[in-house]
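Notes follow once the structure below has been shown.
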Amino acid sequence: MNTHESSTRLWVCCFCSKSYRRSDVLRRHYINCPSRGEQPIPGKLKKGKKTRACDSCARLKLGCDLDCPCETCLSYGLECTYTRLTEQRQPRPGSEPPLQPPQDGQRPRSHSVSANTSQESRNNARQERSKISLSFLLNYVNPTTTMADAYGPVTEKAGAGAPVSLNVCDTATASDFGTSVATVQLVTDEFISPFNSDRLDDFFVSCLFPDSEDFQGSSEDANWSTNWQILDQSDAFDNSPAVEPFNCLIDSLTGFTLSLPQGHPESAPNDRLAKAATLFSRANVERFVGHYFRDYCPHSPILHPGTFRIAAASPFLLTVLVLTGALFSSSPNDMQLARDILGLVVEYAISNPVFRKLLHGPDAVKGLDEVESLQALQAAFFITQVRLREGSPSCRRDARKSNFEEIICAVRALGLLETRNSFFEAEPPPPEKFQWAQFAARESRIRLVCGIFNLDASFTILYNMTPRLFAEEMSIGLPGSVDAFFADNAQDCYRLSLKEHGLQKLRLSQICDAFLQDEWDEEMRCSMQHLSLLHLCSLMLALTQILWLSPYRPGKRQTMKRMKEALIRWKAVWDFQNAALTARQRDRYGFLKTIPLEFWQIATVLVEKNSTSLDTAITQNAIAALSNNQCAQTMLESVEKEQS
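Written out as structure tokens, the structure reads:
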């Protein structure tokens, strides 16, 4: 009896459609079935899994969604065929021909229609599931994934060796290229070629060092004031050409190694730091900071590209930016040098005296410079993000736990959870009074808090870690549009920000409450359609956090019921926004155009299974994987398996 099926699967007679709970009973029924007539009794089904994957997925041992072509073949550019299935279905020589289905007269028509409808529903459901994949998250949580593996370059030179003519983009503005009008020709002629370092350095001198003599200001609109917010700062290149202007970075790192106790793995003498000194030459600093904004900023849009001034950045923040950019370099040597000093830079940024003071609470913040304090927090958060992708499994665990606890403590000390952008809170100022630097500073603070909350909430759902920053306390305003954030001049930023919907006046916690309401009217539905992908990303992670916390709060049943409706509403807004996105906007969103939908898929599966966390929705495989530091990956694979 133990060999029989113990599940609720029904075995159906293909002649009379009677159903049985056991296969042996069905086979005895075949002998005397009145509807069988002269037709032979079907042979026994071959035990084991049936061949269903396409030829390419079966050969490469990859997951297949059974579409034609399947998602995997589309992603890898493979030919999607099902030759194996066709060959296996052909009768072997000397074997009985395959059983033909009963004629219409032998089976009720209603049953045939019902079966066709059921099959069509299953096909539609499978096709809908095939549109969604957990491929990014599965790659993201892999403990061996690096920065370049997880994110990859955002922009690539199209048609290498063939300059792009400006005639093909006559309607493009300066913001379309993320740079000033003076550099549009340079960008379109030869876009960030790693084999031409001279032009590369010139490009980033003009983009990131506007106080350089090579920079040419924009005067495309005569109606705008010619005296835009000129930042009072010294030229980063006032030094003699014989002196490297960024020697202070390597000197600061060297001084830090001398302050470490003997026996510390990063204490002086540090041979790895000596080898990595070339990373901090003027040419490399320009190049790596450029890589940061071009290749990484779309995935973590916190530092404002248009108003960033390298001369005003603290050594701690600038060192982190250089190291992050080096990890996206086309040179393997640069990447290896950056990895060699990653541990040192982590200690350097976390040990910043200003950052350490932030951990003592709001009273310790009094008297600290606001910009210096914010840059200390940014440096600590940015290097923790890098550590999550480049560190060893133990370092990644430490980053999720101790590093993030300190970062969230600093957020509370600085009072960033109440940050709002005054531009959206009141009547917008006239163009000539628009303070771009002030606007960007508030926007960067809001996006910093969003980034920290998003990561902490992802730790909760992926690693079952207790939340340290709760959705209910997110009283920050909503970030502005992606186009306004990446605008390269004040005119474009002002013009695009004026088009923003009134949602920026709401707090993130209020948006979350709105999606959990019992009913929506038409005005609410139309209003929520203006949420951007960045808003929807934070909202989805907030909903998954609330779902995870529901067993520890009263009214779990009501929360699950409202969560199901909230996920339906979220998906409708997501589809609406994606349909309206341009290709340029999709590029600027980085992985934010992918990861929210994958978290939505996880949340949907959990709600359907009446579960609140991944560890209660899967088998013991996740526990076994804990020793291999692949718990999150195993969890996601299990959820994805539930959908197949």
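The sequence shown finishes on residue 644 if you use UniProt numbering, and the numbering steps up by one all the way, no holes. C-beta: ideal position from N, C-alpha, C; glycine also. Remember, it's a predicted structure, so these values are computed and weren't measured experimentally.
Looking at the secondary structure, which residues open and close the alpha helix (DSSP H) in which residue i lies?
| i | result |
| --- | --- |
| H29 | 23-32 |
| S373 | 370-390 |
| A572 | 556-580 |
| F453 | 436-463 |
| P305 | P305 -> no alpha helix (DSSP H), and no H or E assigned at all. |
| F470 | Taken as a continuous stretch (DSSP letters only), F470 belongs to no alpha helix (DSSP H), as it is neither H nor E. |
| V141 | From DSSP, V141 is part of no alpha helix (DSSP H); its letter is neither H nor E. |
| C57 | 55-60 |
| N333 | 332-340 |
| I476 | Note, I476: premise wrong, no alpha helix (DSSP H); not H, not E. |
| D488 | Here D488 belongs to no alpha helix (DSSP H), and DSSP marks it neither H nor E. |
| P393 | 393-398 |
| G325 | 315-326 |
| W600 | 595-608 |
| L536 | 533-549 |
| I408 | 404-413 |
| L78 | Looking at the DSSP string, L78 is not in any alpha helix (DSSP H), and its letter there is neither H nor E. |
| Q510 | 508-515 |
| D363 | 362-365 |
I'd like to know whether the C-beta atoms of residue i and residue j end up nearer to each other than 8 Å.
| i | j | result |
| --- | --- | --- |
| T466 | I446 | no |
| V482 | M528 | no |
| W520 | L539 | no |
| D295 | F316 | no |
| C14 | H29 | no |
| L10 | S23 | no |
| A148 | Y140 | no |
| residue 645 | C512 | Absent from the structure is residue 645, since the part of the chain shown begins at 1 and ends at 644. |
| R525 | M474 | no |
| Q577 | L533 | yes |
| L478 | F453 | no |
| Y552 | P298 | no |
| D334 | R272 | no |
| G451 | S300 | yes |
| I461 | F136 | no |
| E405 | N421 | no |
| M560 | V605 | no |
| T472 | S497 | As written in the sequence, residue 472 is Glu, which differs from the Thr given in the question. The answer is no: Cβ separation not under 8 Å. |
Give every residue of the same chain whose Cβ lies closer than 6 Å to the Cβ of residue i, excluding the five residues on either side of it in the sequence, and list them in chain order.
| i | result |
| --- | --- |
| F382 | V320 |
| R400 | F459 |
| P362 | A413 |
| S252 | P315 |
| A457 | L541, Q545 |
| C73 | S56, C80 |
| F280 | F246, L249, I250 |
| Q375 | S314, L317 |
| L377 | A410 |
| C537 | L592, P596 |
Output needed for residue i: all residues of its chain with C-beta closer than 8 Å, excluding positions within five of it in sequence on either side, in chain order.
| i | result |
| --- | --- |
| L260 | E266, S267, A268, E347 |
| Q585 | V482, D483 |
| S7 | With a pLDDT of only 45 at S7, under the threshold of 50, the placement of this residue in the model should not be trusted, and no figure is reported. |
Can you give me the Cβ contacts of residue i inside the same chain, cut-off strictly under 7 Å, excluding the 5 residues immediately before and after it?
| i | result |
| --- | --- |
| C248 | P315 |
| H291 | G325, F328, S329 |
| A566 | F515, L516, L543 |
| L78 | S56 |
| S373 | V354, L358, V365, L414 |
Are the C-beta of residue i and some C-beta of chain C separated by less than 8 Å?
| i | result |
| --- | --- |
| A566 | No chain C appears in this structure, which consists of one protein chain only. |
Quiz item: Counting Cβ pairs closer than 8 Å, one from the stretch 299-306 and one from the stretch 485-492, do we hit at least three?
Solution: yes
Exercise. Flag this pair as touching only if the stretch 409-424 and the stretch 363-381 have three or more C-beta atom pairs under 8 Å; answer yes or no.
Key: yes
Practice problem: Please confirm if the stretch 384-401 is in contact with the stretch 415-433, defined as three or more CB-CB distances below 8 Å between the two stretches. | Solution: no
Self-check item: Inter-stretch contact (C-beta, 8 Å, three-pair minimum) for the stretch 35-44 and the stretch 52-67
Solution: no
Quiz item: Pairing CB atoms from the stretch 343-363 with CB atoms from the stretch 282-298, are three or more of them under 8 Å?
Solution: no
Practice problem: Please list the segments of the alpha helix (DSSP H) lying wholly inside the stretch 242-281, counting only runs of 4 or more residues, in order along the chain. | Solution: 247-259, 271-275
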